[in-house]
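A quick write-up on the structure given underneath.
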Amino acid sequence: MPADVTARRAAAKRRSLFFALAGIILVADYLTKAWVVATIPVGETHTSWGILHITHVLNSGAAFSLGEKFTVAITIISMMIISAVASALWRATNAAWATGLALILGGAFGNLYDRLFRPPAPFSGHVVDFISVGKFPVFNIADSAVTIGVIIVVICIIGGKKLTGVPRQDGSTTDNAQVSGHE
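Numbering that gives the first Met the number 0 numbers the first residue of the sequence shown as 0 and each following residue consecutively.
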């Protein structure tokens, strides 16, 4: 089989894996929020384990309830960010970058779903938050994924990792810094 066909298949397999990770985050976020909505009235705490509480909160803003009066704008900006992240994930050949971007994508889609389809109205729906740890603001699975994804991407940037590497004969990639001898 020609090397370019092997490389394309390897790239397709790699993309599928990371887009599947984004999908798993989206499904986990959706299912946990559905459970919270079905079982815990808004504002109430259902379960507590030490400093960890499951508390149903609605968030009309962005992270930590910032921008509560700009829900429609936040929704539109989220759509643009999702588009940019999906494009970068499609191009990513570095596994660390792809992991970070997949986590961001899955989490962003999870919260976008709430903004589009939850009350009070399309494009201004409130995000369901439910994980409460001590005095930290209440958050959800999507928020956690985005936060971890951003941390991974920042580490990649600080570490000089390239989004795309140089393809090898077997379809895997090598970081550009390693190929040029600048580690």
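Here a beta-carbon is modelled for each residue, glycine too, at the ideal position from N, C-alpha and C.
Nothing here was measured: the structure is a model prediction, and the numbers come from that model.
Judged by their CB atoms, residue 98 and residue 30 are not nearer to each other than the 9 Å cut-off.
One alpha carbon belongs to residue 37, the other to residue 137, and they sit about 18 Å apart. Counting of Cβ neighbours within 10 angstroms places residue 7 among the exposed residues, the total staying below 16. Taken in chain order, the whole beta strand (DSSP E) runs of length 3 or more contained in the stretch 47 to 107 are 51 to 58. Assignment of beta-bridge partners to residue 131 by DSSP yields 52. Contact between the stretch 79 to 94 and the stretch 55 to 66 is absent, with fewer than three C-beta pairs closer than 8 Å.
Excluding the 5 residues flanking it on each side, residue 162 has same chain C-beta neighbours closer than 7 Å at 87, 90, 91, 93 and 96, in chain order.
The residue among 101, 48 and 73 with its C-alpha nearest the C-alpha of residue 15 is 101.
Rounded to the nearest whole angstrom, the C-alpha separation of residue 17 and residue 77 is 20 Å. For residue 23, the enclosing alpha helix (DSSP H) starts and ends at 2 to 38. Shown here, residue 44 sits in a strand according to DSSP, grouped into three states. Relative to residue 110, the option among 48, 142, 155 and 75 whose CA is nearest is 142. DSSP places residue 124 in no alpha helix (DSSP H); its state is neither H nor E. Only exposed fits residue 134, as fewer than 16 other CB atoms lie within 10 angstroms of its CB. Within the same chain, Cβ atoms closer than 6 Å to the Cβ of residue 128 are found at 56, 58, 137, 138 and 139, the five residues on either side in sequence being excluded. Nearest in C-alpha terms to residue 81, of all of 116, 42 and 145, is 145.
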